[in-house]
Every structure is written in structure tokens, then in C-alpha cells.
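Novice:
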Amino acid sequence: MTVRTTPRGRPRDERAHAAILAAATELVAETSYAAMSLGAVAARARVGKDTIYRRWTGKAELVYEAVFTTTDSAPVPDTGTLEGDLTVLVQQLIDEFTAPAAAATLPGLLADFAASPALRATIRTAFLAPAKQRLADVFERAQERGETGDGVETDLVLDTLVGTILFRLGILGEPAGPQLARDIAGIAAKGIEAR
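Quick note: the sequence shown uses this note's numbering, first residue 403, plus one each step.
#1: So who's on the other strand from THR566, going by DSSP bridges?
#2: Classify LYS461 as buried or exposed, calling it buried when 16 or more other Cβ atoms lie within 10 Å of its own Cβ.
#3: Quick one: what does DSSP say ARG406 is sitting in, helix, strand or coil?
#4: With which residues is THR453 paired in a DSSP beta bridge?
#5: What residue range does the alpha helix (DSSP H) around GLU546 cover?
#6: Would you call THR459 buried or exposed, if buried means 16 or more other Cβ atoms sit within 10 Å of its Cβ?
#7: Starting from GLU595, follow its DSSP beta bridges and name the residues at the other end.
#8: Starting from ARG524, follow the alpha helix (DSSP H) in both directions and report where the run begins and ends.
#9: Measure the C-alpha to C-alpha separation of VAL469 and LEU530 and round it to an integer number of angstroms.
#10: Any idea what DSSP makes of ALA436, helix, strand or coil?
#11: Please check the pair GLY478 and ASP539, which I expect to be a contact at CB under 8 angstroms, by giving their CB distance rounded to whole angstroms.
#12: Since GLU463 is in the alpha helix (DSSP H), which residue starts that stretch and which ends it?
#13: Go through its chain and collect everything with a Cβ distance to LEU582's Cβ below 7 angstroms, but skip five positions before and after it.
#14: Go ahead and pull the three-state DSSP assignment for ASP514.
#15: Which of the three DSSP states, helix, strand or coil, is assigned to GLU555?
#16: Quick check on DSSP: helix, strand or coil for ARG584?
#17: Look at the alpha carbon of ASP514 and the alpha carbon of ILE573, and state the distance between them as a whole number of angstroms.
#18: Is there contact between the segment 503-522 and the segment 444-453, where contact requires at least three CB pairs shorter than 8 angstroms?
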């Protein structure tokens, strides 16, 4: 049995990938999620539509990656406390959710998620992994400092943080005041602290 060591086809052009993500973000903010088309994204990014379809299954997956994974490559915060680290992470999520593209995206994207179990599964497995890993790193350090016990459920905490922000900002339309990240992080840290 032979093991293939190189991927088939041409290597992925990272410049094209970045141009597609930027074009999607700009267009969804300018028009709306519903009005944005992959043809318009391809034209703005100066790529063919087939280039988009080789990377994403459709508009929802592309827009999710473009708009809601911007903090995944940021350094994992290390403030010295669980609450401080969570405050930084929550503020990054708030910044992501209050960006113009996110506001224009949420209603349509949530409807697409509700209609497609396959899309939900893809988002959870392909796109949430970096966010979960960042949170796991924060919890590992907190456990080493004695702030938490074993078995903190990273998925549940991530869902709690994102869900709170999504509900407050995306559904209720509440403003994100300067204290919001600290308040959410404080509640979360208190809930998982070592007892």
C-alpha cells in the first residue's frame, strides 16, 4: 500500500484564500448576508467561483469563516488569572460579534444553521476547534495555578460564553458596554473555580 505524501492537484494559494475571506467580509457588511452572492465574492477577490467551491461548501460556511474566526489566530491570553484570561477572550468575542459584518450576517446565518444539521456539524468540527483549543490552554494554566479542578468541560464553557454574547448582542441588540466582558468572564470563572 502506498501512502501519498503530497496532496493531489495544485497547492492552495493562500493569497487567494485571504482575498476571498476579505471580499466576503466586505460584501456582507455592504449588502447583507441574504444579498451577498458567491459570484460577487469571486469577482471582488478576482478568482473563479470554482476556487471558492474547492474551499467551502457554500455561502454559509464561507461567511462563517470570514466573519466569525477572526480571533482564532490571536495569541492565547496569559494575564496570570483565569478571570483575566477569560475577560480577554470574551472581549475578543464581543469585538467579533459587534463588527459590521457580523451584524449583517447573524440573522441569515442563524437561519441557515437551523435548516442544516450538516452545516452545524461542519462548523462545530472544522471551525470551532481553534477556539476550543485556546480555551483549553487557558483552563490548563488555570488548573496548574489551582484555580480550577479537573474536568472543566471546554465545549460547554465555550457554548456558554458565545451563547451569552450572541443572545445579548445579536438577538436582544443590547450595547456592549466596557464592563460586559469583565462581567461575563467573572460569572464564568466563578462557576468553574476550584471548590
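From the three backbone atoms N, C-alpha and C, an ideal C-beta is built for every residue, glycine too.
Please read these numbers as outputs of a predicted model, since none were measured by experiment.
Specialist: In brief:
#1: Answer is none; THR566 lacks a bridge partner.
#2: buried
#3: Any answer about ARG406 is weak, because its pLDDT of 33 lies below 50 and its placement is not dependable; what the coordinates show is given next. Residue state, collapsed to three classes: coil.
#4: In the DSSP output, where bridge partners are listed per residue, THR453 has none listed.
#5: 531-546
#6: exposed
#7: THR550
#8: Before going further, note that residue 524 is Thr rather than Arg in the sequence given. Element bounds for THR524: 519-524.
#9: 13 angstroms
#10: coil
#11: Position check: residue 478 holds Val in this sequence, whereas Gly was assumed. At roughly 5 angstroms, the Cβ-Cβ gap stays under 8 angstroms, so VAL478 and ASP539 are in contact.
#12: 461-470
#13: ILE496
#14: helix
#15: coil
#16: helix
#17: 16 angstroms
#18: no
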